Each structure stands twice: as structure tokens, then as C-alpha cells.
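As you go down the protein sequences, you meet chains H and D in turn.
For the first sequence, full-length UniProt numbering assigns the number 1 to the initial residue and increments by one for each residue that follows.
For the second sequence, full-length UniProt numbering assigns the number 1 to the initial residue and increments by one for each residue that follows.
The C-beta atom is built at its ideal place from N, Cα and C for all residues, glycine as well.
Owing to the predicted nature of the structure, the values given are computational and were not obtained by experimental measurement.
Before any comments, here is the structure.
There are 2 protein chains.
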Amino acid sequence: MNIADQTFPAVDSANEDRAQTIRDQLRDAIVDRRLAPGTKLSEGEVGTLFDVSRTVARAALQMLSFEGLVRTERNRGAFVANPSPEEARQVFASRRLIEPGIAIAAAGRMTPAHVAAFKAQLDEEGRFIAERGPNARRSEIKASGDFHLLLASVAGNAILQRFMEELVARSSLVIALYGRSGVSSCGHSEHMNILEALENGNSERASALMLHHIDHIEADLDLRVRGGPALRQALEF
Amino acid sequence: MNIADQTFPAVDSANEDRAQTIRDQLRDAIVDRRLAPGTKLSEGEVGTLFDVSRTVARAALQMLSFEGLVRTERNRGAFVANPSPEEARQVFASRRLIEPGIAIAAAGRMTPAHVAAFKAQLDEEGRFIAERGPNARRSEIKASGDFHLLLASVAGNAILQRFMEELVARSSLVIALYGRSGVSSCGHSEHMNILEALENGNSERASALMLHHIDHIEADLDLRVRGGPALRQALEF
DNA sequence: CTCGCAAAAATCGTATGCAATCTTTCCTGA
DNA sequence: TCAGGAAAGATTGCATACGATTTTTGCGAG
Chain H
1 MNIADQTFPA
11 VDSANEDRAQ
21 TIRDQLRDAI
31 VDRRLAPGTK
41 LSEGEVGTLF
51 DVSRTVARAA
61 LQMLSFEGLV
71 RTERNRGAFV
81 ANPSPEEARQ
91 VFASRRLIEP
101 GIAIAAAGRM
111 TPAHVAAFKA
121 QLDEEGRFIA
131 ERGPNARRSE
141 IKASGDFHLL
151 LASVAGNAIL
161 QRFMEELVAR
171 SSLVIALYGR
181 SGVSSCGHSE
191 HMNILEALEN
201 GNSERASALM
211 LHHIDHIEAD
221 LDLRVRGGPA
231 LRQALEF
Chain D
1 MNIADQTFPA
11 VDSANEDRAQ
21 TIRDQLRDAI
31 VDRRLAPGTK
41 LSEGEVGTLF
51 DVSRTVARAA
61 LQMLSFEGLV
71 RTERNRGAFV
81 ANPSPEEARQ
91 VFASRRLIEP
101 GIAIAAAGRM
111 TPAHVAAFKA
121 QLDEEGRFIA
131 ERGPNARRSE
141 IKASGDFHLL
151 LASVAGNAIL
161 QRFMEELVAR
171 SSLVIALYGR
181 SGVSSCGHSE
191 HMNILEALEN
201 GNSERASALM
211 LHHIDHIEAD
221 LDLRVRGGPA
231 LRQALEF
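This is the structure in C-alpha cells:
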């Protein structure tokens, strides 16, 4: 897969920072797996695709590299990240540490508006699971991540929210790479249980459910190294 | 305080990324309080000081803005961050969530070499506390942060380590801004207690001590808004 | 046909230039 | 004297240019 095969919506909200817009689009493409891990993102190509100069494209790539979604090598360029099993484990270890606390914080701040937003989110999630098709799975992974991001935004801590944005994005990459199959529908019901606990203000239960949920997601991964990591990296897969 | 009043060591390890070196130096200057919150960091000045073009200076400032140490405003430039009391609370809320878990992870991975490194670190910390002088306090804050960074590196999770780097740096800013006085010596003894628990592999105790330690640090802050935050921001203080 | 090496092409790192925006200065009129 | 506003200056956003490094291509020897 080459980045030139992608098409990107025009950058219309021009007033804002263009590099940020490009970063968001590339992040979506990576998380959606439209850009495969290892894909080279050359500054020139990105610039041409988004109709900006290399300067702006470079800034966007730098941002993604901070988030761990792309890896940059000096004088060689930027590549869509290809997380190792060890990195995958660290992503989930971090989530286990942070997300139960976020669930507790969110439980104490739920409003009816939040509940409605969660319901809408879970509805959409359910719809993607019902669908069966090539990009339904992508949408499903994305929607599942959005549930966790919504939770983080309710928790009301901007720093933790940013951490979660990074962790969720990296998780999506990891799931795409190492995911076995269908914990997803199971995950959907777990999301609903978590929401129920949140609605009842039962923070302890929400926290415990979240912890189990993360364990389940990770348990669905196959993190055995296959073929040796050196070869994989050498082949840029 | 103006950035031009600062002096920076020459960038000698030239082979590496120059923007990164500049970022590190600026970060040290901010954390050490040699650059006051609100100080303008113009691309041109930074470039001149480090003898690079604005392109490179800009990249360094962008990195710092990702870490939350500088705030950038479009068409206006970059300023040393001036965390609000609310931001300060969020920093410590994040640390309360993450650091006890880091302590647990670290307790299971301590080696004699790690213990020695911690002892050296605590010795240095004690030396700075003994000293009394204008920049002894700076060094003290920095050394105190280094203890937490050392702990994070022992925990062996690169992602959490990066999160902690950001949180410790922002904490240093917060302490410099809102710190009352001398919990620091008290903090030193708490560090020693934590190390003791780590040495004994008593992860539960290390975790609990860490949580209290963070509480103590935050309790020493005076987070009441003085003069109204709008005014402060308007005056760039 | 394959291997090795040199030339060509592509890509990156960085400096610099120009237009747009913001800030400061200074002048004018009340 | 002071408010208002225009012009000058400073600074940022972005594009482009050029040397340095890497990758690819092409060619000749074995």
C-alpha cells in the first residue's frame, strides 16, 4: 500500500492550523488501517497530496511521531509505526493504569447530556458490528476507540485526555496488527455495562469493569512473534 | 526576564538532531526557572542564540508545545507556559493515577545497579537541600524530579516513562509558580522511604508511599487564584 | 546470469525569502 | 493632554532553494 493511493478530503477549514488538519487526516487513515504499518510517508508526497509545502507536511509528520503513530529515521523519512509485541504490551499496561481512574473520575461527572452522547455512540458501535464487510471492521475498531475517548473527555482532565488519545490510537494500530478476531462484539456489551455503571454513579464498578474490559481486549491479541521481528522490520512490514 | 539574557552551552554533539538538543536545553531552562513563565520565546531569538535557522528553532518550540511547557498562539509566537491552578490540579491528578502503578512495576524490577543509582540520586538531592542559596532551590526541584524520572525508567515502560517526563517537567513549573516553601526536605525523606520499600520488593508499600508523597507535594501548593486569572494572563505573568 | 560499484535520482535537513499578521510608534484632531 | 488611527517595524506562516545523505539504476567484470 502506498500513500499515493489514498484520497483525502480537501482542507476547507483553512483558518485553523493546516498542519494539524493534515495530522488528523493521516491519523484517521492510520487508525483505520487505510495506511498499513510500515508505509513510507515521504514529506514530498504528503505535501503534494494535501497541496501544501514540505514545511507543513513535515510539521504534521513530526506531530504524529510524537504520538508514536509514525516512526522517523534521520535522513530516511517517516513510516507508519509498526509496534512490536513489547510495545503493544506497554500500551495496554499504560491503559490498565490510567483508564480505571478515568472511569472513576467520569462516574462523578456524568450529566444527562453525557449519557445521551454515550447512547448515541454505542448505537453507532452496534450498527458497525451488525454490518459485515471489509471496512465495517475498520469502523468498528474506530467506534470502539471513540467510546474510550468519549469517556476520557467526560473525566475532565485535559492531560489525561491527551494521553488517552495517544493510547487509543496506538491500540487501534496494535489491534489491527495483532487482533485475532471477534472480541469486538463482546467488547460492545462490555461498553454497555460500563455505561450502566456510570449512569448509576457506581464508580467502583465502572472502574472494575473497565479493567476487565482492557484485559479482554489484550487477551484477544496474538502477541507471539512470528518470523522474528528483525525480518519483519527488515522487510518494512 | 528575557530569553536573550540566557546563555546556553554550545551544541557540540552535532551529529544528532539539533532541534532535539535545543529542546532539551530550553526545557532545562524552563524547569530550572531560568526562563520565567510567560517569557516570550521568539523563533528568531532562539535561532540566533543557538546559531541555527528559524526552521530548527521552530521545530524545537513545537516539541515543547506538545509537552505543554510552552504555549503557542497563532501569529503571535511561543511563550513559556503559565499553568493555571486548574492545570496544576490536573497535573497532580494525573500523577496520582500513574505513579503508584509505576512504583509497583519498578518494585518488581529493581536490581543492585538500580539501587546504587537511586542512592547516588538521593545523595545529590540531600546535598542541594543542605546548600542554601538562590539556585540551590532550583537544583533541589530538579533533583527531586529526577528521582521520579529514575523510578519511571526502572519501571520499564517507555510510554509511561514519556508521560512521566512530561508530568514531572510540568510539575516543576507548577511548584515554581505555586510552591509555598519547604516540603522539599520532607519530600527527601519520603523519597528515601520509597526507595527502602522498593529495595525490599514491597510494592504495595512503595505504591502507598508514593501516593502520599504526591499528596504532600500538592498540599504544599497554594492554588488559590490571586488577582483573577484573566488579569494575570492579560499581563503575561 | 549475478555481483559489485559508480552515477543518477530521490529524499531529507536546513537556510532564506516573501507575504500576512501582529505590535509599536507617532502623528493629528479634539 | 489624550484618544484614535495610520504607518513603520517586528514576527510569524509558509514556500522554495540548495547542499547532504540515502536509495535506485545502470553497466561492466567475472
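Is His212 (chain H) near Gly187 (chain H), with beta carbons less than 8 Å apart? By 1-based counting over the first sequence, the position of residue 212 (chain H) is 212. By 1-based counting over the first sequence, the position of residue 187 (chain H) is 187. No.
Counting contacts by CB-CB distance shorter than 8 Å, is Leu41 (chain D) in contact with chain H? One-based indexing of the second sequence puts residue 41 (chain D) at position 41. Closer than 8 Å: no.
For Glu67 (chain D), the three-state DSSP class (helix, strand or coil): Here the question's residue 67 (chain D) lines up with position 67 in the second sequence. In this structure, Glu67 (chain D) counts as coil in the three-state DSSP scheme.
Assign Thr55 (chain H) to one of three DSSP states: helix, strand, or coil. By 1-based counting over the first sequence, the position of residue 55 (chain H) is 55. DSSP places Thr55 (chain H) in helix when its eight states are reduced to three.
So with CB distances below 7 Å, who are the chain H contacts of Ala93 (chain D)? Start at 1 with the first residue of the second sequence, and residue 93 (chain D) comes out as number 93. Neighbours of Ala93 (chain D) on chain H, chain order: Asn157.
Three-state secondary structure assigned by DSSP to Glu73 (chain D): For the purposes of this step, residue 73 (chain D) is identified with residue 73 of the second sequence, where counting begins at 1. Of the three classes helix, strand and coil, the one that applies to Glu73 (chain D) here is strand, per DSSP.
Anyone know if the C-beta pair for Val70 (chain D) and Leu64 (chain D) falls short of 8 Å? Numbered from 1 along the second sequence, position 70 holds the residue referred to as residue 70 (chain D). Numbered from 1 along the second sequence, position 64 holds the residue referred to as residue 64 (chain D). Closer than 8 Å, so yes.
The segment 82-101 of chain D / the segment 140-159 of chain H touching (three or more Cβ pairs under 8 Å): yes
Contact set between Phe66 (chain D) and chain H, taken where Cβ atoms lie within less than 8 Å: As a first step, residue 66 (chain D) must be located in the second sequence, where it is residue number 66. Residues of chain H passing the Cβ test: Met63 and Phe66.
Name, in chain order, the residues that DSSP records as bridge partners for Phe79 (chain H). What you label residue 79 (chain H) is simply residue 79 of the first sequence in a count that begins at 1. Its beta-bridge partners are H:Lys40 and H:Arg71.
Give the residues of chain D in contact with Gly101 (chain H), contact being defined as C-beta atoms less than 7 Å apart. Taking the first sequence and counting its residues from 1, one reaches residue 101 (chain H) at position 101. Correct list: Leu97.
Thinking just about the alpha-carbon of each residue, which of D:Arg224, D:Ile98, D:Leu209 and D:Leu26 is nearest to the one in Pro37 (chain D)? On the second sequence, residue 37 (chain D) is found 37 positions in, with the first residue counted as 1. Out of D:Arg224, D:Ile98, D:Leu209 and D:Leu26, D:Leu26 has the C-alpha closest to the C-alpha of Pro37 (chain D).
Listed in chain order, which residues of the segment 25-59 of chain H have Cβ atoms closer than 9 Å to some Cβ of chain D? Thr55, Arg58 and Ala59
In angstroms with no decimal places, state the Cα-to-Cα distance between Ile175 (chain D) and Glu218 (chain D). The count along the second sequence starts at 1 and reaches residue 175 (chain D) at position 175. The count along the second sequence starts at 1 and reaches residue 218 (chain D) at position 218. Going by the C-alpha atoms only, they are around 9 Å apart.
Quick one: give me the first and last residue of the alpha helix (DSSP H) that Arg33 (chain H) is part of. Taking the first sequence and counting its residues from 1, the one referred to as residue 33 (chain H) is at position 33. Neither: Arg33 (chain H) is in no alpha helix (DSSP H) and is coded neither H nor E.
Rounded C-alpha distance that separates Phe118 (chain D) from His191 (chain D): Counted from its first residue, the second sequence places residue 118 (chain D) at position 118. Counted from its first residue, the second sequence places residue 191 (chain D) at position 191. So the alpha carbons of these two residues sit roughly 10 Å apart.
Can you list, in chain order, the residues of its chain whose CB lies under 7 Å from that of Ala81 (chain D), leaving out five sequence neighbours each side? Start at 1 with the first residue of the second sequence, and residue 81 (chain D) comes out as number 81. Counting only Cβ-Cβ distances below 7 Å, and skipping sequence neighbours, we find Pro37, Gly68, Leu69, Val70, Arg71 and Leu173.
Is it buried or exposed, Gly145 (chain D), if we count other Cβ atoms within 10 angstroms and call 16 or more buried? Reading the second sequence from its first residue, position 145 is the one you call residue 145 (chain D). Result: buried.
Residues of the segment 136-170 of chain D with a CB closer than 7 Å to any CB of chain H: list them in chain order, please. Asn157, Ala158, Ile159, Leu160 and Phe163
Simplified DSSP assignment, three categories, for Leu221 (chain D): To locate residue 221 (chain D), count along the second sequence from 1; it is residue 221. Note: Leu221 (chain D) maps to strand in three-state DSSP.
Closest Cβ-Cβ distance between Gln20 (chain D) and chain H: below 8 Å? Here residue 20 (chain D) is taken as the residue at index 20 of the second sequence, counted from 1. False, the Cβ-Cβ gap to chain H never drops below 8 Å.
Of all the options H:Pro85, H:Glu43, H:Gly47 and H:Ile102, which has the alpha carbon lying nearest to the alpha carbon of Ser207 (chain H)? Your numbering for residue 207 (chain H) matches position 207 in the first sequence. Residue H:Ile102 is the option with its Cα nearest to Ser207 (chain H).
Between Leu41 (chain H) and Ala88 (chain H), which are expected to be in contact by the criterion C-beta below 8 Å, what is the C-beta distance as a whole number of angstroms? In the first sequence, residue 41 (chain H) corresponds to position 41, counting from 1. In the first sequence, residue 88 (chain H) corresponds to position 88, counting from 1. About 21 Å separates the two Cβ atoms, so there is no contact after all.
Residues in the segment 67-80 of chain D having any Cβ partner in chain H nearer than 8 Å: Gly68 and Arg74
By alpha-carbon positions, which one of H:Ser153, H:Ser171 and H:Ile129 ends up nearest to Leu221 (chain H)? In the first sequence, residue 221 (chain H) corresponds to position 221, counting from 1. Taking only the C-alpha atoms, the option nearest Leu221 (chain H) is H:Ser171.
Residue interval of the alpha helix (DSSP H) (run including Met110 (chain H)): Here the question's residue 110 (chain H) lines up with position 110 in the first sequence. First-last for Met110 (chain H): undefined, no H or E at that position.
C-beta neighbour in chain D for Ala215 (chain H), strict 8 Å: The sequence position of residue 215 (chain H) within the first sequence is 215, counting from 1. The amino acid at residue 215 (chain H) is misidentified as Ala; the sequence shows Asp. Chain D, which has no Cβ nearer than 8 Å to the Cβ of Asp215 (chain H), makes this no.
Any non-hydrogen atom of the ligand FMN closer than 7 Å to Ala120 (chain D) Cβ: Absence of the ligand FMN from the depicted structure is noted, as is the absence of any ligand whatsoever, leaving it without description.
Among the residues of its own chain, which have a CB less than 7 Å from the CB of Asp48 (chain D), if the five just before and after it don't count? To locate residue 48 (chain D), count along the second sequence from 1; it is residue 48. Note that residue 48 (chain D) is Thr in the sequence shown, not Asp. Cβ within range, chain order: n/a, list empty.
With DSSP run on the structure shown, which of helix, strand or coil describes Gly156 (chain D)? In the second sequence, residue 156 (chain D) corresponds to position 156, counting from 1. Residue state, collapsed to three classes: coil.
From the beta carbon of Gln90 (chain D), is the nearest beta carbon of chain H less than 8 Å away? Here residue 90 (chain D) refers to the residue found at position 90 of the second sequence. Yes, Gln90 (chain D) counts as interfacial toward chain H.
Quick check on DSSP: helix, strand or coil for Gly133 (chain D)? On the second sequence, position 133 is the one that residue 133 (chain D) refers to. If DSSP states are grouped into helix, strand and coil, Gly133 (chain D) belongs with coil.
Helix, strand or coil for Gly201 (chain D) per DSSP? As a first step, residue 201 (chain D) is located in the second sequence; it is residue number 201 there, counting from the start. Here Gly201 (chain D) sits in coil by DSSP.
List the DSSP bridge partners of Gly179 (chain D). Here residue 179 (chain D) refers to the residue found at position 179 when the second sequence is read from its first residue. Gly179 (chain D) pairs with D:Leu221.
For Ile214 (chain D), collect the residues of the same chain with a Cβ closer than 8 Å to its Cβ; drop the 5 residues on either side in sequence, then sort them by chain order. Taking the second sequence and counting its residues from 1, one reaches residue 214 (chain D) at position 214. Cβ within range, chain order: Phe92, Arg95, Arg96 and Glu99.
Could you check whether the segment 103-122 of chain H touches the segment 132-139 of chain H, counting it as contact only if at least three pairs of C-beta atoms, one from each stretch, sit closer than 8 Å? no
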